[in-house]
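Peer 1: If you use this note's numbering, the sequence shown closes out at 610, no skipped numbers anywhere. Even glycine gets a Cβ: it sits at the ideal position worked out from N, Cα and C. Sharing a structure with you now.
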Amino acid sequence: MNDGYDAGYGDGGPYELVGYDEYGRPVYRQTDGRQTQQQYDPYGQQGGQTQQGYGYDPYATGGHQQPAYDPYGNGGGYGYDPYATGGHQQPAHDPYGQGAHPDGTGQQPRVTEQTAYIPEQHGHAPERTAHIPRQAGPADDARDDDGSAPEYRTEQFAFVEEPDDGSEDVIDWLKFTENRTERREEARRRARSRIIALTVVFALVVAGGVGYLWYAGKLPGLSASDADTGTTTAAGAQKRDVLVVHLHDTENGGTSTALLVDNATTEQGTTVLLPNSLALTAEDGTTTTLAKSVEDDGSEGTRTALDTVLGTDIEGTWRLDTPFLLTLVDLVGNIEVDTDADVPDPNAKKKGEAPLVRKGKGQTLSGKMAVAYATHRGPGEAQDAQLERFGQVLHGVLRKMTSDPDAATVTVQTLGQIIEPPLTDADLGAFLARLSDLAKGGDHRTRLLPVEEDGTLTAEASDSVVKDVLGGTAKSPDRDAAVTVSVRNATGDKDDTEKARVVLLNGGFTFLEGGTAGSAEATSEVVYADPAEKENAAEVAKTLGLPADAVTKGEISGNARVAVVLGQDYDPGS
Numbered sequence: 037m038n039d040g041y042d043a044g045y046g047d048g049g050p051y052e053l054v055g056y057d058e059y060g061r062p063v064y065r066q067t068d069g070r071q072t073q074q075q076y077d078p079y080g081q082q083g084g085q086t087q088q089g090y091g092y093d094p095y096a097t098g099g100h101q102q103p104a105y106d107p108y109g110n111g112g113g114y115g116y117d118p119y120a121t122g123g124h125q126q127p128a129h130d131p132y133g134q135g136a137h138p139d140g141t142g143q144q145p146r147v148t149e150q151t152a153y154i155p156e157q158h159g160h161a162p163e164r165t166a167h168i169p170r171q172a173g174p175a176d177d178a179r180d181d182d183g184s185a186p187e188y189r190t191e192q193f194a195f196v197e198e199p200d201d202g203s204e205d206v207i208d209w210l211k212f213t214e215n216r217t218e219r220r221e222e223a224r225r226r227a228r229s230r231i232i233a234l235t236v237v238f239a240l241v242v243a244g245g246v247g248y249l250w251y252a253g254k255l256p257g258l259s260a261s262d263a264d265t266g267t268t269t270a271a272g273a274q275k276r277d278v279l280v281v282h283l284h285d286t287e288n289g290g291t292s293t294a295l296l297v298d299n300a301t302t303e304q305g306t307t308v309l310l311p312n313s314l315a316l317t318a319e320d321g322t323t324t325t326l327a328k329s330v331e332d333d334g335s336e337g338t339r340t341a342l343d344t345v346l347g348t349d350i351e352g353t354w355r356l357d358t359p360f361l362l363t364l365v366d367l368v369g370n371i372e373v374d375t376d377a378d379v380p381d382p383n384a385k386k387k388g389e390a391p392l393v394r395k396g397k398g399q400t401l402s403g404k405m406a407v408a409y410a411t412h413r414g415p416g417e418a419q420d421a422q423l424e425r426f427g428q429v430l431h432g433v434l435r436k437m438t439s440d441p442d443a444a445t446v447t448v449q450t451l452g453q454i455i456e457p458p459l460t461d462a463d464l465g466a467f468l469a470r471l472s473d474l475a476k477g478g479d480h481r482t483r484l485l486p487v488e489e490d491g492t493l494t495a496e497a498s499d500s501v502v503k504d505v506l507g508g509t510a511k512s513p514d515r516d517a518a519v520t521v522s523v524r525n526a527t528g529d530k531d532d533t534e535k536a537r538v539v540l541l542n543g544g545f546t547f548l549e550g551g552t553a554g555s556a557e558a559t560s561e562v563v564y565a566d567p568a569e570k571e572n573a574a575e576v577a578k579t580l581g582l583p584a585d586a587v588t589k590g591e592i593s594g595n596a597r598v599a600v601v602l603g604q605d606y607d608p609g610s
């Protein structure tokens with residue numbers, strides 16, 4: 037196939053570049069080997085001028101002497117006639133209508149821009165390049181077998197996609213690197229979040245554990261009693277629930293008091309027995325005894341006074357009259373007690389009958405027997421002996437009590453007693469159930485609070501009971517306060533006791549009732565035990581209108597500093 041744009045066609049002469057077409061392809065012309073100056077007529081010769089060589093005539097306007105290139109088989113000649121205008125008889129094509137060159141040379145003026153039209157190629161695709169395969173010879177290969185110019189078909193052109201400078205591979209790589217960076221940053225953020233969360237959880241767990249150990253009294257170094265090992269919690273830091281119980285003997289009179297302590301920290305239950313002689317501060321600021329406080333100030337006043345003297349926090353009062361104790365023992369199914377004395381039957385009509393309760397180990401007591409044993413006080417016995425029997429009965433009841441709070445509450449409600457506020461049936465039932473569980477496991481004990489003869493607390497009581505068991509601090513009434521005077525009426529007139537009380541209180545003394553004598557006495561007596569109280573005894577005698585020789589030194593029971601026995605010589609009006 038003849039390619040008019042290629043330089044060098046077979047046996048022709050040399051070619052020179054004359055320009056580029058609109059697609060940027062070079063355009064050549066053939067030159068004479070003898071270096072004869074030839075005029076290049078890209079649009080064909082005018083006026084019959086002779087064409088030398090195989091000149092390029094894209095519009096086939098050359099003369100007949102030169103073979104015209106006719107790629108579409110429109111006639112002879114080797115001239116390129118894209119518009120198929122025929123052979124040499126066809127007038128030369130002048131696409132710009134300019135005719136011959138003005139200077140007479142017959143040359144057409146050169147056009148700088150022109151659009152070459154390729155048959156069968158519809159439209160112009162700027163992004164594709166039409167590639168025409170180069171043939172071996174411009175003349176021989178340019179014709180078909182019959183001598184006509186070959187026809188060009190669309191499938192003879194190969195269109196190659198131009199590469200895209202904004203390649204998607206680059207974009208994909210940027211996206212990949214960006215996504216990978218984002219994933220790494222997200223992984224780092226998640227790792228930091230996990231570390232922070234784990235740190236917070238660990239701190240909360242540690243704080244909770246330390247708080248629990250502190251609450252449970254298991255933190256080392258807080259023990260006052262075992263500071264060397266640091267394995268025991270300080271007594272003051274332990275958690276305790278405390279109730280006070282008053283046993284009222286409705287048959288013989290008198291009361292017995294005990295504190296029920298549930299130590300949740302050490303998981304230890306304790307019954308603390310309180311002697312009736314324990315010195316308390318009454319509501320009016322005067323000094324009184326525990327027995328007197330229960331009688332005069334009632335449950336609330338006595339609870340407040342006990343909190344003051346023991347440094348504890350009593351949550352409620354359980355008033356247990358002897359009929360309710362009898363019912364309680366029968367409800368739990370009798371109790372077993374190691375009795376220390378024979379207790380006669382209070383309903384026995386004759387002396388020498390068999391005792392209601394026999395002395396011995398593991399004695400089974402019914403409700404009636406338990407009440408008789410808890411209130412028994414033998415001839416010449418101190419009140420502490422009776423108090424300890426009451427403690428034994430309480431321990432036996434706790435061992436037989438149910439450990440289920442709901443069932444224990446039902447037992448309390450079955451008693452039919454009125455529970456004093458702020459204590460409720462449910463509170464008392466749950467409290468007794470916890471103590472019952474400790475008693476069944478051997479973690480319950482009974483302690484007696486030791487007091488001095490005047491009712492004040494000793495150092496032993498402060499260390500062994502008040503501090504260790506109750507976690508409090510002993511604070512007995514100040515001995516430098518008003519002098520406590522115990523008055524026993526032996527005049528035969530019950531009203532003299534109240535008259536003496538008024539006189540002593542007006543004189544600045546603290547009055548304690550000492551009871552009434554069984555028989556009248558002729559003379560009055562003022563007794564002091566401590567020599568330091570001699571002057572106070574003399575002042576008491578003077579206040580009551582008694583003679584100075586009535587003051588004597590002797591023994592005093594209870595917690596009074598001065599004891600007075602009013603005889604028939606006492607004149608309230610004096």
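#1: Pull the bridge partners of Asn-299 from the DSSP assignment, please.
#2: According to DSSP, simplified to helix, strand and coil, what is Gln-612?
#3: Is Ala-497 near Leu-485, with beta carbons less than 8 Å apart?
#4: Looking at the structure shown, is Val-505 part of a helix, part of a strand, or coil, going by DSSP?
#5: Pull up the distance between the alpha-carbon of Leu-582 and that of Glu-336, whole angstroms please.
#6: Kindly identify the DSSP beta-bridge partner or partners of Arg-355.
#7: For my contact list, Val-487 and Ser-313 are in at a C-beta cut-off of 8 Å; report their separation, rounded to the angstrom.
#8: Are three or more beta carbon pairs between the segment 370 to 388 and the segment 341 to 351 nearer than 8 Å?
#9: Just to confirm the assignment, what range does the beta strand (DSSP E) spanning Thr-482 have?
#10: Let's see if you can read the secondary structure: which residues bound the alpha helix (DSSP H) around Leu-451?
#11: Suppose you measure from the CA of Thr-286 to the CA of Val-407; what does that come to, to the nearest Å?
#12: Could you check whether His-282 and Leu-361 sit closer than 8 Å to each other, using their CB atoms as the reference points?
#13: If you scan the segment 509 to 561 from start to end, which runs of the beta strand (DSSP E) of 3 or more residues do you find wholly inside it?
#14: Please name the residue, chosen from Tyr-56, Ser-472, Thr-520 and Ala-565, that lies closest to Gln-304 on a Cα-to-Cα basis.
#15: Can you tell me the Cα-Cα spacing of Leu-464 and Thr-301, whole angstroms?
#16: Pick helix, strand or coil for Gly-369, following the three-state DSSP scheme.
#17: What are the boundary residues of the alpha helix (DSSP H) that Thr-579 is part of?
#18: Are the CB atoms of Ala-553 and Val-562 within a distance shorter than 8 Å?
#19: Since I believe Gly-432 is in contact with Glu-372 (beta carbons under 8 Å), could you give me their beta-carbon distance rounded to a whole number of angstroms?
#20: Alpha carbon to alpha carbon, what distance is there between Thr-358 and Asp-532?
#21: Indicate the three-state DSSP secondary structure (helix, strand or coil) for Ala-625 in the structure shown.
#22: So Glu-557 packs on Gly-603, CB below 8 Å; how close in whole Å?
#23: Go ahead and pull the three-state DSSP assignment for Thr-317.
#24: Enumerate in chain order the residues of its own chain whose CB-to-CB distance from Thr-445 is below 6 Å, with the five nearest sequence positions on each side excluded.
#25: If we ignore side chains and look at the alpha-carbon of each, how far apart do Val-587 and Thr-447 end up?
#26: What are the residues that DSSP puts in a beta bridge with Gln-66?
#27: What's the gap between the Cα of Ala-536 and the Cα of Gly-388?
#28: Here's a check: name, in chain order, each residue in its chain whose Cβ is nearer than 7 Å to the Cβ of Glu-591, leaving out the five neighbours to either side.
#29: Can you tell me which of the three DSSP states Lys-589 falls into?
#30: DSSP state of Thr-293, grouped into three classes?
#31: Would you give the residue range spanned by the alpha helix (DSSP H) that Thr-338 belongs to?
#32: Quick one: measure Cβ to Cβ for Leu-296 and Glu-424, integer angstroms, because I've assumed they're closer than 8 Å.
#33: Judging by CA-CA distance, which residue of Pro-458, Arg-413, Leu-326 and Asp-374 is the nearest neighbour of Ser-512?
#34: Would you mind giving the Cβ-Cβ distance between Thr-353 and Thr-482, rounded to the nearest angstrom? I have them listed as a contact below 8 Å.
#35: Looking at the strands, I want to know which residues DSSP matches up with Ala-599.
#36: First and last residue of the alpha helix (DSSP H) that includes Asp-14?
Peer 2: Working from what's here:
#1: Residue pairing by DSSP places Asn-299 opposite Arg-276 and Gln-304 in a beta bridge.
#2: No answer is possible for residue 612: it lies beyond the span of the chain, which begins at 37 and ends at 610.
#3: Closer than 8 Å, so yes.
#4: Of the three classes helix, strand and coil, the one that applies to Val-505 here is coil, per DSSP.
#5: Pairing Leu-582 with Glu-336, the inter-Cα distance amounts to about 38 Å.
#6: DSSP lists His-282 as partners of Arg-355.
#7: About 6 Å; that satisfies the 8 Å criterion.
#8: The segment 370 to 388, when compared against the segment 341 to 351, does not touch it at the 8 Å Cβ threshold.
#9: Its beta strand (DSSP E) spans residues 480 to 484.
#10: Per DSSP, Leu-451 is one residue of the alpha helix (DSSP H) stretching across 441 to 451.
#11: Rounded to whole angstroms, Thr-286 to Val-407 spans 11 Å at the Cα level.
#12: No, they are not a contact pair.
#13: Within the segment 509 to 561, the complete beta strand (DSSP E) runs of at least 3 residues are 520 to 525 and 546 to 552.
#14: Answer by Cα proximity: Ser-472.
#15: Per the coordinates, the alpha-carbon of Leu-464 lies some 20 Å from the alpha-carbon of Thr-301.
#16: Three-state result, Gly-369: coil.
#17: Segment 570 to 580, the alpha helix (DSSP H) holding Thr-579.
#18: No, these two residues do not count as a Cβ contact at 8 Å.
#19: Your pair Glu-372 and Gly-432 checks out as a contact, with CB atoms roughly 6 Å apart and the cut at 8 Å.
#20: So the alpha carbons of these two residues sit roughly 32 Å apart.
#21: One cannot answer for residue 625 here, as it falls past the ends of the chain, which runs 37 to 610.
#22: Yes, Glu-557 and Gly-603 are in contact; Cβ-Cβ is about 4 Å, under 8 Å.
#23: When DSSP states are grouped into helix, strand and coil, Thr-317 belongs to the strand group.
#24: Its chain contains Asp-461, Ala-462 and Gly-465 as the residues whose beta carbon lies nearer than 6 Å to that of Thr-445, once the 5 sequence neighbours on both sides are disregarded; these appear in chain order.
#25: For Val-587 and Thr-447, the gap between their C-alpha atoms comes out near 56 Å.
#26: Gln-66 is bridged to Tyr-51.
#27: Here the alpha carbon of Ala-536 sits roughly 43 Å from the alpha carbon of Gly-388.
#28: For Glu-591, same chain residues with a beta-carbon under 7 Å away, outside a window of 5 residues either side, are Ala-565 in chain order.
#29: Note: Lys-589 maps to strand in three-state DSSP.
#30: In this structure, Thr-293 counts as strand in the three-state DSSP scheme.
#31: Counting along the chain, Thr-338 sits inside the alpha helix (DSSP H) bounded by residues 334 to 346.
#32: Wrong, their Cβ atoms sit about 16 Å apart, outside the cutoff.
#33: Nearest to Ser-512 by alpha-carbon distance, out of Pro-458, Arg-413, Leu-326 and Asp-374, is Leu-326.
#34: Between the beta-carbon of Thr-353 and that of Thr-482 there is about 19 Å, and that puts the pair past the 8 Å contact cut.
#35: Its beta-bridge partners are Ser-522 and Val-563.
#36: Residue 14 lies beyond the residue range present for the chain, which begins at 37 and ends at 610; the question has no answer from this structure.
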